[in-house]
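So the structure is just underneath, and the comments pick up after that.
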Amino acid sequence: MGDELLITDDFLPVPVPETLTATYLAPMRGLPRVATRTAVTALAGRLAEPVYGLARQMLASPLMSVDTRPIDEFPALPPDLLTAFGATREQLARLAQATHVVVVRAEYRPGWPPAHEWAARAVAAAVAETVDGDVVDVFGLQFLDPATALRSLPDEQGRIRLVDWVLVPYSSDADGLWFTTKGLRRFGLLELQTQGVPDHLTRAWGAVLTGVARRLLRTWTDGLTGEEVPAFVQLPVLTTVTGHDIAVAYGNPEQHGATAPVLLRLELDPATDPEADSFLSLHPPAGNPGPPGRYFASACATLFSGIQPDVRYARRGDAMSKAVATARAGLPDVRARFLAGALPAETQLVVKYGLPGDDGPEFVWAAVTSWETPERLAGTSASDATNDPEVRIGAPVVVEATDVVDWALLGPTGVLEGGWTQAVLDSGDRPHP
């Protein structure tokens, strides 16, 4: 963009780095058993051709270096951070026993494809595979077994799952949860952050942030398609995210559903410490009433189907009554799985229950936090109720099991199990009160 850069209230000029570097390690006991070129050649037919050819080309060019060093000469990797990002005891033990490390580095210009990342990960996985070892992604401080590293690389159409490249860590602060991304800088883009997220939205907001990352990354790379690397790319101050963005980021585009878009405001948050990272912060749109956490909870209710309030109730014998009966029959089993910690990973159990009102019951959803006795459960409201002013998004609630008419397991891309009444409503079979 250079001289054409416009500073307006509608766009944020985000600086573009001149080059990007990827670094991967393959720790091992002893020296490599197979030459790097031979190891990469063994991937023929197992990698999509664009990546396989790219890895071989970069390996033969000055853009990539592969060095074997005694592990003592490489800066020590922090085991506590490796553990926080998923390292197992076995992986840490293999790292402690390693005597040497193969260091794979690649450089490339910002833009798409991110050749430095794809090629370096492929080469490191090929080397690690020859010694039944691990790949360490230095940027993400993450262990990857070779098979997982290779699966994360693009298919024949160049598609990837963004969750294989961008992590979403979070921590607690005085105002709620603080979420950040870790991975967008691989592509030259600043990391995202959100503060003041309600505690019960741990999984949901992580998925939302991944969807926003997917949307912004597309805008970012579209701005880097010219022959020359621009000094800045302009990102919209007001960005949207949809269920489709989230589903594609998780590699499930067929599950996206037709959700309304959610509007979020971007703000550049430059670091005051030269050693620290700058962020793109996500906020509710300007003029939004109420605390940010309430807006974030409402955004999740929009993006994940099955948690909107509903004031309809069923007549005996229609599709809705069958849906309620099916849901109630499954309550003992889902409670047992919840208590045993046997629900699928990255899911949240929610229940729909009725609140009395002058015009009939109003059905709202709550995220389950505890369920000590079969008769009663505790949770946090996932909806604002019309009939009861104390039932607000994020507020604690106690629900009698006899009032429950439905339940669902929510994953990053929507309802994974349950939600029978919502399916009836979505099908158009909507009985009148």
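All you need for our numbering is the position in the sequence shown, starting with 1, plus 2.
By construction, the Cβ of each residue, glycine as well, lies at the ideal position given by its N, Cα and C atoms.
Remember, it's a predicted structure, so these values are computed and weren't measured experimentally.
A contact between stretches requires three or more CB pairs, one per stretch, nearer than 8 Å, and the stretch 27-42 fails this requirement with the stretch 264-272. Taken in chain order, the whole beta strand (DSSP E) runs of length 3 or more contained in the stretch 33-72 are 66-72. L83 counts as exposed, since fewer than 16 other beta carbons sit within 10 angstroms of its beta carbon. Unbroken alpha helix (DSSP H) runs of no fewer than 4 residues, entirely contained in the stretch 317-383, are found at 321-331, 333-342, following chain order. Straight-line spacing of the CA atoms in R71 and A108 works out to 17 Å. If one requires a minimum length of 3 residues, the beta strand (DSSP E) runs lying completely within the stretch 155-205 are 172-175, 178-182, 193-199, in chain order. For P287, same chain residues with a beta-carbon under 7 Å away, outside a window of 5 residues either side, are L240, L265, R267 in chain order.
As a beta-bridge residue in DSSP terms, W409 pairs with V353. Apart from sequence neighbours up to five positions away, the residues of its chain that approach W167 with a beta-carbon distance below 6 Å are G185, ordered along the chain.
In this structure, the alpha-carbon of A325 lies about 53 Å from that of G55. C-alpha of A368 to C-alpha of D224: approximately 40 Å in a straight line. For the set I395, N254, A28, T328, the Cα lying nearest the Cα of V103 is the one of A28. The residue from Q236, E75, E119 with its alpha-carbon nearest to that of M66 is E119.
Per DSSP, L226 lies in no alpha helix (DSSP H) and is assigned neither H nor E.
When secondary structure is reduced to three states using DSSP, V106 falls in the strand class. For F76, the three-state secondary structure derived from DSSP is coil. Taking a C-beta distance under 8 Å as the contact criterion, L194 and V214 qualify as a contact pair. Spanning the alpha carbons of T375 and R337 requires a straight line of approximately 9 Å. R205 is classed as buried because its beta carbon has at least 16 other beta carbons within 10 Å across all chains shown. Note that the C-beta distance between L237 and L211 is not below 8 Å. Apart from the 5 residues on each side of it in sequence, A384 sits with its Cβ closer than 7 Å to the Cβ of A303, I309, V352, W367, A368, A369, I395 in its chain, given in chain order. For P81, there is no enclosing beta strand (DSSP E); the enclosing alpha helix (DSSP H) covers residues 81-86. Per DSSP, the beta bridge partners of D271 are F281. The three-state reading of DSSP puts G420 in strand, counting E and B together. Within the same chain, V231 come within 7 Å of E20 by CB-CB distance, once the 5 residues on both sides are set aside.
It is roughly 18 Å from the alpha-carbon of L412 to the alpha-carbon of A342.
8 Å or more divides the Cβ of G178 from the Cβ of M30.
According to the DSSP assignment, P294 belongs to the alpha helix (DSSP H) that extends over 294-305. In this structure, the alpha-carbon of A151 lies about 12 Å from that of R48. Burial is judged here by how many other beta carbons sit within 10 angstroms of a residue's own beta carbon; E131 has at least 16 and is buried.
Taken through DSSP and simplified to helix, strand or coil, A288 comes out as coil. A residue is called buried when at least 16 other Cβ atoms come within 10 angstroms of its Cβ; E364 meets this threshold and is buried. Sequence-distant Cβ neighbours of D390 in its own chain, meaning closer than 7 Å and more than five residues away, are L357. In this structure, the alpha-carbon of E92 lies about 18 Å from that of A78.
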